[in-house]
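Student: The following block contains the structure, expressed as structure tokens.
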Amino acid sequence: MEKSRFLIGKSFKELLQCINAVPAGIAFIEDENQKLIGVFTDGDFRRALLNGVELNQEFKHDHLNEEFVYAMKGEDIQNLIKKTSKKVRIIPIVNESQNIIDYFRYEHKTHFTPVAEPSLKGNELEYVTDAVLSTWISSSGKYIGEFEDSFSNFCGSKYGVAVSNGTVAIHLALKALGIGSGDEVIIPNLTFAATANAVIHSNAVPVIVDVELDSWCINPDQIVKAITNKTKAIIPVHLYGQPCDMEKIMEIAKEHNLFVIEDAAEAHGATFEDKKVGSWGHISCFSFFANKIITTGEGGMCLTNSKTLNEKMRVLRDHGMDKKKKYWHEVVGFNYRMTNIQAAIGCAQMERIDGIIESRNKLEQEYKKMLSSFFDWQKKFVDRDKVVWLVCGVCKIDKKTLISEAKNNQIDIRPFFYPLSEMSIYKKYVFGKVDNSVKISKVGVNLPTVPNVDFEKLISICESIK
Ligand SMILES: *Cc1c(COP(=O)(O)O)cnc(C)c1O
16 MEKSRFLIGK SFKELLQCIN AVPAGIAFIE DENQKLIGVF TDGDFRRALL
66 NGVELNQEFK HDHLNEEFVY AMKGEDIQNL IKKTSKKVRI IPIVNESQNI
116 IDYFRYEHKT HFTPVAEPSL KGNELEYVTD AVLSTWISSS GKYIGEFEDS
166 FSNFCGSKYG VAVSNGTVAI HLALKALGIG SGDEVIIPNL TFAATANAVI
216 HSNAVPVIVD VELDSWCINP DQIVKAITNK TKAIIPVHLY GQPCDMEKIM
266 EIAKEHNLFV IEDAAEAHGA TFEDKKVGSW GHISCFSFFA NKIITTGEGG
316 MCLTNSKTLN EKMRVLRDHG MDKKKKYWHE VVGFNYRMTN IQAAIGCAQM
366 ERIDGIIESR NKLEQEYKKM LSSFFDWQKK FVDRDKVVWL VCGVCKIDKK
416 TLISEAKNNQ IDIRPFFYPL SEMSIYKKYV FGKVDNSVKI SKVGVNLPTV
466 PNVDFEKLIS ICESIK
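Residue numbering for the sequence shown follows this note's numbering, beginning at 16 and increasing consecutively.
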């Protein structure tokens, strides 16, 4: 920053050297008392040259921009971001005496509308900074326990075990329940492939069954039909924020002595009969990938009400190392730990989780209001309080054209997951008919679930297709 400071009265050549000294391409102009009186960018310099200034000419007050943006020491980050724009990307920060002490740089995104985007507007940066400054950047540090406690509390579950991502959460759950070679695990045909992969990596056999046509979630009747004497567990997936019929599934599990591992990676905060998803099964698994309802960048968590399972998962997460005797291993474990930096983001997200869920809900309402002539929507059941992961539209217009037209307009609309049954690596695990999954997947899209959706643009795209 020192190199970017320029004393008024020196030559344009010296000013150019100053601008050129830093990648940001800006000079902070000071008077004799080191008070900041303006800024000059490489763009300003080009314009000055076109206006006929000479390099050996003196840079004077009347060369300065009349107005420039700056910030005072101590202004919070939201304020700083607000002061920037696509044009003003760098703003100087001054102290009480108007001396420049630092600068702030922010790149506003182009008008591309992604399908999802994390909201990191709370204490995320502050807590991450705190974690870094504390030097506890691996998997010890205060944020891990805090995040585990606040998230498990939020879900109404006794224990939370934070892990590196949602996929290993499922793997850890399977391992902690002793599921392995030869065991069968029933999963839905419509899900993100991680559900199936975790089962396969446990050397168990996924048994893929169809979903219900109305909820898009695993069909309990199909579960019953698929049960054999090798079946050990069911993994219901709360797809796109929709809770599975947990009452029926828990009943089936009890009757057949099976474990239930909830894949709640897409449903933080959803409830079935007023009880949060993630608190029903023997273990439940969440993901905190950047596009999920709350995020830690990469991350996941296993929840359980069982003290034994909690302890087992903690040992397995940490190389299988004995909790009392360092470097002593009684089981073959994994390194599935979450870092304190990730957990710091998680803690900040937990402070805002209710608001995040609420605003996603509102966005879906908005979609329903604006785009119902082109889409049907994910069903709302009276006894299930779904959350919005990604807004789901069931196309009444041609899906392929919609996706490609949206792409041409810089809007990311995604097709639903392909049914596992359509991919050759999973085909052999399919049980029975899976017509519903195929049908739903064909017509479903995920619409941008981000603030500031340009509904007018979307409507005009849809209208032109119609
Ligand atoms: C995202 C997701 C996962 C995997 O989570 P990662 O954190 O990406 O590993 C698992 N299951 C479902 C249903 C998901 O949507």
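Glycine included, each C-beta is placed from N, C-alpha and C at the ideal position.
Quick check for students: name the residue ranges of the alpha helix (DSSP H) that lie wholly in the region 424-479, counting only runs of 4 or more.
Tutor: If we require 4 residues or more, the alpha helix (DSSP H) runs fully inside the region 424-479 come out as 439-442 and 450-458.
Student: What do you reckon, are the CB atoms on lysine 28 and leucine 70 nearer than 8 Å?
Tutor: Their beta carbons are under 8 Å apart, which means lysine 28 touches leucine 70 by this criterion.
Student: Are three or more beta carbon pairs between the region 402-412 and the region 375-383 nearer than 8 Å?
Tutor: Yes, the region 402-412 is in contact with the region 375-383.
Student: How long is the line joining the alpha carbons of valine 484 and glutamine 380, rounded to whole angstroms?
Tutor: A query on residue 484 cannot be resolved here, the shown segment of the chain reaching from 16 to 481 and no further.
Student: Closest to isoleucine 474 by C-alpha separation, out of Met438, Leu435, Asp450 and Glu420, would be which residue?
Tutor: It is Glu420 whose Cα lies nearest to the Cα of isoleucine 474.
Student: Between phenylalanine 349 and arginine 329, is the Cβ-Cβ spacing less than 8 Å?
Tutor: Cβ atoms of phenylalanine 349 and arginine 329: not closer than 8 Å.
Student: How is the alpha helix (DSSP H) around valine 200 delimited, first residue to last?
Tutor: Careful: valine 200 lies outside any alpha helix (DSSP H), inside the beta strand (DSSP E) at 199-203.
Student: Can alanine 188 and valine 200 be called in contact, C-beta distance under 8 Å?
Tutor: Cβ distance not < 8 Å, so alanine 188 and valine 200 don't count as in contact.
Student: Would DSSP call proline 258 helix, strand or coil?
Tutor: Three-state result, proline 258: coil.
Student: Just to confirm my understanding: we take isoleucine 105, look at its own chain, exclude 5 residues before and 5 after, and list those with CB closer than 6 Å. What are they?
Tutor: Taken in chain order, the residues that qualify are Ala39, Ile41, Tyr118 and Arg120.
Student: From the DSSP output, read off the bridge partner residues of tyrosine 118.
Tutor: For tyrosine 118, which the question treats as bridged, DSSP gives the partners Pro107.
Student: Whole-angstrom Cβ separation of leucine 462 and isoleucine 440, contact assumed at under 8 Å?
Tutor: No, leucine 462 and isoleucine 440 are not in contact; Cβ-Cβ is about 29 Å, not under 8 Å.
Student: For lysine 383 and tryptophan 392, what's the separation of their Cα atoms in angstroms?
Tutor: If you take the alpha carbons of lysine 383 and tryptophan 392, they lie about 8 Å apart.
Student: List, from N- to C-terminal side, the alpha helix (DSSP H) runs of 4 residues or more that fit wholly inside the region 148-206.
Tutor: Listed in chain order, the complete alpha helix (DSSP H) runs (minimum 4 residues) inside the region 148-206 are 157-170 and 181-191.
Student: Please determine if the region 299-316 and the region 277-289 are in contact, where contact requires at least 3 C-beta pairs separated by less than 8 Å.
Tutor: Taking 8 Å as the limit for Cβ pairs, the verdict is that the region 277-289 does touch the region 299-316.
Student: Can you tell me whether histidine 126 is buried or exposed, with buried defined as 16 or more other CB within 10 angstroms of its CB?
Tutor: Exposed.
Student: Taking the alpha helix (DSSP H) that phenylalanine 497 falls in, what are its first and last residues?
Tutor: This structure cannot settle anything about residue 497, because the visible part of the chain is limited to 16 through 481.
Student: Please give me, in chain order, every unbroken run of the beta strand (DSSP E) with length at least 3 that falls completely inside the region 346-418.
Tutor: Counting whole runs of 3 or more residues, the region 346-418 contains the beta strand (DSSP E) stretches 390-392 and 406-410.
Student: Below 6 Å CB to CB, which residues in the same chain sit around glutamate 227 once its five sequence neighbours on both sides are set aside?
Tutor: Only Asn234 meet the Cβ criterion.
Student: Looking at the strands, I want to know which residues DSSP matches up with cysteine 300.
Tutor: Answer is Asp278 and Cys317, bridged to cysteine 300.
Student: Which first and last residues belong to the beta strand (DSSP E) in which valine 224 is found?
Tutor: Taken as a continuous stretch (DSSP letters only), the beta strand (DSSP E) holding valine 224 covers 220-224.
Student: Which of helix, strand or coil does DSSP assign to lysine 322?
Tutor: Lysine 322: helix per DSSP, three-state reduction.
Student: Closer than 7 Å: is that where the CB of valine 252 sits relative to any heavy atom of ligand 1?
Tutor: Flag set: Cβ of valine 252 near ligand 1.
Student: Apart from the five residues on each side of it in sequence, which residues of its chain come closer than 7 Å, Cβ to Cβ, to serine 149?
Tutor: Closer than 7 Å at Cβ, skipping near neighbours: Gly156.
Student: Less than 7 Å between C-beta atoms, sequence neighbours within five positions excluded: which residues of the same chain meet that for leucine 273?
Tutor: Closer than 7 Å at the Cβ level, and outside the excluded window around leucine 273, lie Thr246, Lys247, Ala248 and Ile249.
Student: Would the beta-carbon of isoleucine 360 fall within 8 Å of that of threonine 310?
Tutor: Yes; because the gap between Cβ atoms is below 8 Å, this pair is in contact.
Student: Got a sec, what are the start and stop residues for the alpha helix (DSSP H) asparagine 22 sits in?
Tutor: Here residue 22 turns out to be leucine, not asparagine, going by the sequence shown. Where leucine 22 is concerned, there is no enclosing alpha helix (DSSP H), although the beta strand (DSSP E) it sits in stretches over 20-22.
Student: Any contact between the region 288-298 and the region 428-437? By contact I mean 3 or more CB pairs, one from each, below 8 Å.
Tutor: With a cut-off of 8 Å, the region 428-437 and the region 288-298 do not count as touching, because too few Cβ pairs lie within range.
Student: Just checking threonine 354 against ligand 1 - is the residue's beta carbon closer than 7 Å to any of the ligand's heavy atoms?
Tutor: Threonine 354 Cβ: outside cutoff for every heavy atom of ligand 1.
Student: Could you please give me the residues that DSSP links to alanine 283 through a beta bridge?
Tutor: According to the sequence shown, residue 283 is histidine rather than alanine. Paired residues: none, contrary to the question.
Student: Here's the rule I'm using: 16 or more other beta-carbon atoms within 10 Å means buried, otherwise exposed. How should asparagine 325 be labelled?
Tutor: By the 10 Å Cβ count, asparagine 325 comes out buried.
Student: Please report the residue range of the beta strand (DSSP E) in which lysine 247 lies.
Tutor: Here the beta strand (DSSP E) through lysine 247 covers 246-249.
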